[in-house]
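Asker:
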DNA sequence: CATCGTTATTCATTATTAAGCATAACGATA
DNA sequence: TATCGTTATGCTTAATAATGAATAACGATG
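Chains as they are written, first to last, in our numbering: chain Z, 1 to 115; chain G, 1001 to 1115.
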């Protein structure tokens, strides 16, 4: 036994079939879009490239048959990005999932103490 | 709702402090070492470079204060790689962990059907 | 119908990671 | 003490991923 603590960690995500659908990163991006109404601003706040953010949203919208975000270009403010009801639902689901996963990890971590 | 099935997936591993200690890949490597008694043969069977395999074992042995594998060079067969009792214990722990994680994933996957 | 800030997309560049080559060190055995 | 297959380790190259510049398209508004 060492003085260093062993800890169980992990990542979870949701697949649609065999293709990655959403994970923590995309959920965070969805939340930022909801907050800011702009994909560009959301990507800036998350310190990721707009290119990557757009690609993720685009993929997310295509993988499943329901869009999570609707993007409009042009108009008064140049364009907007808005979350759909389905997008909101996915956020809720993933956050609950994440919460349960944290409990799982804590429980498993406790079990491997004193190895 | 789409005809494509949503499924919760994920990965887990064990950290020693903030540093990655073991995950599925390293566990698989440990099992191969136990089976073959050779790091080189184990790396070949896993289709990974010996360089990488050695690096992983080396790191694993250093991160915690107990070695999981003892490597000997020279001798009749050129050298041997043998698992320590601690190494065996870690395999057991991680496999049990993995089993429980699979149950967790299945349970969570069922919960998100019919979204 | 010009403006503006956004979405949409390509492409060259950079950064990060992995792979593979080369070679020394080792020590039981014959 | 020569041999052999392994461990030990640096270094070069290849593969992959991420970044960022550049630019077109868009449409409500004034």
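All C-beta atoms, glycine included, are put in the ideal place defined by N, C-alpha and C. A quick note: this is a predicted structure, and the numbers were derived from the prediction, not measured.
By DSSP, does residue 1047 of chain G sit in helix, in strand, or in coil?
Answerer: Residue state, collapsed to three classes: coil.
Asker: On the three-state DSSP scale, how would you describe residue 1063 of chain G?
Answerer: Helix at residue 1063 of chain G.
Asker: The beta strand (DSSP E) spanning residue 12 of chain Z covers which residue range?
Answerer: Residue 12 of chain Z -> beta strand (DSSP E) spans 6 to 16.
Asker: Does the CB of residue 8 of chain Z have a neighbour CB from chain G at under 8 angstroms?
Answerer: It does: the Cβ of residue 8 of chain Z has a partner Cβ on chain G nearer than 8 angstroms.
Asker: Does the pairing of the segment 1084 to 1091 of chain G with the segment 1068 to 1076 of chain G give three or more beta-carbon distances under 8 angstroms?
Answerer: At 8 angstroms Cβ cutoff, the stretches touch.
Asker: Using only the alpha-carbon positions, how far apart do residue 39 of chain Z and residue 30 of chain Z sit?
Answerer: Between residue 39 of chain Z and residue 30 of chain Z, the C-alpha separation is close to 9 angstroms.
Asker: Taking C-beta to C-beta, are residue 48 of chain Z and residue 32 of chain Z nearer than 8 angstroms?
Answerer: Against a cut-off of 8 angstroms, the Cβ pair of residue 32 of chain Z and residue 48 of chain Z comes out as no contact.
Asker: Residue 93 of chain Z lies in the alpha helix (DSSP H); which residues open and close that run?
Answerer: Looking at the DSSP string, the run of the alpha helix (DSSP H) that includes residue 93 of chain Z is 85 to 111.
Asker: State buried or exposed for residue 1021 of chain G, treating a residue as buried only when at least 16 other CB atoms are found within 10 Å of its CB.
Answerer: Buried, since its Cβ has 16 or more Cβ neighbours within 10 Å.
Asker: Check for me: the alpha helix (DSSP H) holding residue 1030 of chain G runs from which residue to which?
Answerer: Its alpha helix (DSSP H) spans residues 1024 to 1036.
Asker: Any heavy atom of the ligand HEM within a distance shorter than 7 angstroms of the CB on residue 51 of chain Z?
Answerer: With respect to small molecules bound, the structure shown includes none, and the ligand HEM cannot be examined in it.
Asker: I want to verify the contact list: residues of chain Z whose CB lies under 7 angstroms from the CB of residue 1011 of chain G, in sequence order.
Answerer: Near residue 1011 of chain G (Cβ distances below 7 angstroms), the residues of chain Z are 10 and 11.
Asker: Leaving aside the five residues before and after residue 12 of chain Z along the sequence, list all residues of the same chain whose C-beta is less than 6 angstroms from its C-beta, in chain order.
Answerer: Taken in chain order, the residues that qualify are 101.
Asker: Between the Cα of residue 1017 of chain G and the Cα atoms of Z/9, Z/84, Z/17 and Z/16, which residue gives the shortest distance?
Answerer: Looking at the Cα atoms, Z/9 is the closest of the given residues.
Asker: For residue 1068 of chain G, which three-state DSSP category applies?
Answerer: Coil.
Asker: Buried or exposed, going by whether 16 or more other CB atoms sit within 10 Å of the CB of residue 14 of chain Z?
Answerer: Per the 10 Å Cβ criterion, buried.
Asker: Work out the CA separation of residue 1005 of chain G and residue 63 of chain Z for me, nearest whole Å.
Answerer: Roughly 11 angstroms separates the two Cα atoms.
Asker: With DSSP run on the structure shown, which of helix, strand or coil describes residue 1020 of chain G?
Answerer: Correct three-state label for residue 1020 of chain G: strand.
Asker: Identify whether residue 1078 of chain G lies in helix, strand or coil by the three-state DSSP scheme.
Answerer: Looking at residue 1078 of chain G - three-state DSSP - the assignment turns out to be coil, as it is neither helix nor strand.
Asker: Counting only beta-carbon separations shorter than 8 angstroms, does residue 17 of chain Z have a partner in chain G?
Answerer: Chain G contact via Cβ: present.
Asker: Measuring only the C-alpha atoms, how far is residue 1053 of chain G from residue 1035 of chain G?
Answerer: The straight-line gap from Cα to Cα measures roughly 15 angstroms.
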